[in-house]
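Undergrad:
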Amino acid sequence: MFMKIHYWLTVASMMYAASTLAQRDIPTNPVKPTPQQLQYQQQELIGFLHFGVNTFSDREWGTGKEDPRSFNPTKLDARQWVQAAKTAGMKTLIITAKHHDGFCLWPSKYTDHSVKSSPWKNGKGDVVRELTDACREAGMKLGIYLSPWDMHEPKYGTSEYNQFYLNQLRELLTNYGPIAELWMDGAKGENAKNMEYDFEAYRALIRQLQPNAVIFSDVGPGVRWIGNERGFAGETCWSTINTEGMAIGKADSKYLNTGDPNGDEWIPGECDVSIRPGWFYHAKEDSRVKTPQQLVDIYYKSVGRNGTLLLNLPPDQNGLLHENDVAALRGMREILNETFQKNLALKKPVKAGSQWTGFATQRLTDGNADTYWAAKEGETSATLELDLGRPTTFDRVSLQEPVRLGQRIAAFRVEAEQNGTWQEVAKGTTIGYKRLLRLDSPVTAQRIRIVIEQANNTVALSEIGLYQASEREGKPLAEKK
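Following this line, the structure appears as structure tokens:
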């Protein structure tokens, strides 16, 4: 009996050792994401909800003097917001709990300038609660935008305001369950009072009360602004950046857009853009909602360039997303599904010039971004050859790095064998979490090469994907600088 027990314990120990060896990672870069940052970027799509008294005053920025009685969204349905966002593929919704005008969408104890002074639900309503409940029911995450600039609060411009802000922050962080992202921007009007924000205290409270929340501000620390409001990351986009000397509201947009290969902090880029010309709802913009094709183009230029797309969906005066916005979201998702539903490279064999033992090339086409292939230790260039088995037509290429180990690749190209010779069909610089390439025209080939020309550490790649674009996708749109 003892011998049998010893035998099975030995087998179990060997199996555990083999499993541990198989799961062991290659050496990481000095700068890499936290688990929260990694989960954040894997979402790809996040929704933004700009909603408040501006919705009723038809303004983009309020004055702080708005009458709370103007806020009365009699048909408000947070479940409709959530359903539209979920259909589009979004995983988190961020609500403007307080915009620059200072009006609060929850009944804050620290000001009367809130929903409790409005006729909506006889002053008993709470927009943040309604969205929280709708998100929880649908399995979505909740994010909170709390503007540091407050045009209404008398304490603004004094040292007492920092405590006022912390008090409101504490309300939002303790009364609504888990918060996935906390948004604080640096926007402030030219004539605003001078105010020294205590961002360190704000961040400390967030870390204390919501340690898993990702913090957004222009320069992080969890997520950075991408440097424009068009939703475009740079063609080169590192998740690493140096923030020294970058003040919130005064950060260098060049580095925000491209990151820095020598950056000493991991702060990925969030690409914010509105589905309409404005951020708040305006009836005159109902005919100017971005088309599904425009939204898909933005997806390629954000998610497809190692960013995360934060798309604004402003509810109207009824408290509903307009039907044009909902239709555009649905159309975007349909096109993306049609394009990426079939990976032509899935399970196809790949040859590599070198390989780190235990990190086989079949991981590149296994459909699992958590596995990866790696070259031999110290090799910062590599060639991978994919055999599709027969001539195959494609016009989209997807590449992913195992970014939990850091971001490595700085230059690459894609080649297709045409009439016995290798022809370059696409090239790029950074890859990061995901790089999507749109070819100028469809290519038909059996053998494809991915040539990694430059990396800052041993080359590693997690996924190769080849796709044929939906006929509804359209051509890439011209990118205005």
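Residue numbers (mature numbering (1 follows the signal peptide of the UniProt record, and there is no 0)): -22 to -1, 1 to 459.
Heads up, the beta-carbon is just placed ideally off N, CA and C, and yes, glycines get one too.
Between glycine 42 and isoleucine 428, what straight-line distance do the alpha-carbon atoms span, to the nearest angstrom?
TA: Whole-angstrom Cα-Cα distance: 55 Å.
Undergrad: In three-state DSSP terms, what is aspartate 264?
TA: Correct three-state label for aspartate 264: helix.
Undergrad: For glycine 309, does the three-state DSSP call read helix, strand or coil?
TA: Helix.
Undergrad: Are at least three pairs of beta-carbons, each pair with one atom in the stretch 302 to 322 and one in the stretch 63 to 81, less than 8 Å apart?
TA: Yes, the stretch 302 to 322 touches the stretch 63 to 81.
Undergrad: Are the beta-carbon atoms belonging to asparagine 50 and tryptophan 84 less than 8 Å from one another?
TA: No, the Cβ-Cβ distance between asparagine 50 and tryptophan 84 is not below 8 Å.
Undergrad: Would you call the stretch 165 to 173 and the stretch 120 to 137 in contact, with 3 or more CB pairs under 8 Å?
TA: A contact exists between the stretch 165 to 173 and the stretch 120 to 137.
Undergrad: If we count the other Cβ atoms within 10 Å of its Cβ and call it buried at 16 or more, is residue 485 buried or exposed?
TA: Residue 485 falls outside the range modelled here, since the chain spans only -22 to 459, and no answer is possible.
Undergrad: For the alpha helix (DSSP H) holding aspartate 238, just list the boundary residues, first then last.
TA: Where aspartate 238 is concerned, there is no enclosing alpha helix (DSSP H), given that its DSSP letter is neither H nor E.
Undergrad: Roughly how many angstroms separate the alpha carbons of phenylalanine 210 and asparagine 100, rounded to a whole number?
TA: Near 42 Å, if we compare the C-alpha coordinates of asparagine 100 and phenylalanine 210.
Undergrad: Does the stretch 321 to 329 come close enough to the stretch 284 to 298 to have 3 or more Cβ pairs within less than 8 Å?
TA: The answer is no - the stretch 284 to 298 does not touch the stretch 321 to 329, with fewer than three Cβ pairs under 8 Å.
Undergrad: Under 8 Å Cβ to Cβ from glutamine 1, same chain only, skipping five residues before and after it: list those, please.
TA: Low local confidence applies: a pLDDT of 49 at glutamine 1 is under 50, so the model's placement there is unreliable, and no value is given.
Undergrad: Can you tell me which of the three DSSP states leucine 299 falls into?
TA: Reduced to three states, the DSSP call for leucine 299 is coil.
Undergrad: Please state the DSSP three-state secondary structure of phenylalanine 318.
TA: Helix.
Undergrad: Using the beta-carbon count (16 or more within 10 Å), is leucine -2 buried or exposed?
TA: Residue placement at leucine -2 is poorly supported in this model, since its pLDDT is 38, which falls under 50; the coordinates are not used for a value here.
Undergrad: Taking the alpha carbon of phenylalanine 207 as the point to measure from, which residue in Ile245, Ile193, Pro255, Leu187 has its own alpha carbon closest?
TA: It is glutamate, not phenylalanine, that sits at residue 207 in the sequence shown. For the residues Ile245, Ile193, Pro255, Leu187, the minimum Cα distance to glutamate 207 belongs to Pro255.
Undergrad: Report yes or no: do three or more beta-carbon pairs, one from the stretch 450 to 457 and one from the stretch 273 to 280, lie closer than 8 Å?
TA: Yes, the stretch 450 to 457 is in contact with the stretch 273 to 280.
Undergrad: What three-state label does DSSP hand isoleucine 245 in the structure shown?
TA: The answer is coil: DSSP assigns isoleucine 245 none of H, G, I, E or B.
Undergrad: Could you check which residue in Thr214, Lys326, Arg425, Gln61 has the C-alpha nearest to that of glutamate 402?
TA: Residue Arg425 is the option with its Cα nearest to glutamate 402.
Undergrad: If you draw a straight line from the C-alpha of proline 156 to the C-alpha of histidine 28, how long is it?
TA: Going by the C-alpha atoms only, they are around 21 Å apart.
Undergrad: Give the C-beta separation of proline 239 and valine 201 to the nearest angstrom, bearing in mind that I take them to be a contact with Cβ-Cβ under 8 Å.
TA: Going by Cβ atoms, the distance from proline 239 to valine 201 rounds to 19 Å, so no, they are not a contact pair.
Undergrad: Taking aspartate 365 as the reference, give the member of Gly331, Val381, Gly345, Pro327 with the closest Cα.
TA: If we check each option's Cα against that of aspartate 365, Pro327 comes out closest.
Undergrad: Reducing DSSP to helix, strand and coil, say where leucine 455 ends up.
TA: Looking at leucine 455 - three-state DSSP - the assignment turns out to be coil, as it is neither helix nor strand.
Undergrad: Runs of 4 residues minimum, wholly inside the stretch 161 to 223: which ones carry the alpha helix (DSSP H) assignment?
TA: Counting only runs of 4 or more, we get 177 to 187.
Undergrad: First and last residue of the beta strand (DSSP E) that includes isoleucine 430?
TA: From DSSP, the beta strand (DSSP E) with isoleucine 430 extends over 413 to 433.
Undergrad: If you check the beta carbons only, do leucine 299 and leucine 289 fall under 8 Å apart?
TA: In this structure, leucine 289 does not lie closer than 8 Å to leucine 299 by Cβ.
Undergrad: Give me whichever residues DSSP pairs with valine 9 in a beta bridge.
TA: Partner(s): none; valine 9 has no beta bridge.
Undergrad: Taking only runs of the beta strand (DSSP E) that begin and end inside the stretch 32 to 85, which ones reach a length of at least 3 residues, in chain order?
TA: Fully enclosed beta strand (DSSP E) runs of 3 or longer: 70 to 76.
Undergrad: State whether the stretch 437 to 447 contacts the stretch 346 to 365, with contact taken as three or more CB pairs (one from each stretch) at a distance under 8 Å.
TA: Taking 8 Å as the limit for Cβ pairs, the verdict is that the stretch 346 to 365 does touch the stretch 437 to 447.
Undergrad: Is the beta carbon of leucine 71 closer than 8 Å to that of glutamate 108?
TA: No.
Undergrad: Bridge partners for threonine 371 per DSSP, in chain order?
TA: Answer is Thr422, bridged to threonine 371.
Undergrad: To the nearest angstrom, report how far apart glycine 198 and lysine 405 are at their CA atoms.
TA: Straight-line Cα distance between these residues: approximately 30 Å.
Undergrad: Below 8 Å between beta carbons: does that hold for valine 251 and asparagine 302?
TA: No.
Undergrad: According to the neighbour-count rule (16 or more other Cβ atoms, all chains shown, within 10 Å of its Cβ), is glycine 30 buried or exposed?
TA: Buried, by the Cβ-count rule.
Undergrad: Taking only three categories from DSSP, how would you classify histidine -17?
TA: A caution first: histidine -17 carries a pLDDT of 44, below 50, which makes its placement in the model unreliable, though a value can still be read off. In this structure, histidine -17 counts as helix in the three-state DSSP scheme.
Undergrad: Determine the burial state of threonine 399: buried for a count of at least 16 other Cβ atoms within 10 Å of its Cβ, exposed for fewer.
TA: Looking at its Cβ environment, which holds fewer than 16 other Cβ atoms inside 10 Å, threonine 399 is exposed.
Undergrad: Of the choices Gln295, Trp127, Ser86, whose alpha-carbon is the least far from that of glycine 167?
TA: For the residues Gln295, Trp127, Ser86, the minimum Cα distance to glycine 167 belongs to Trp127.
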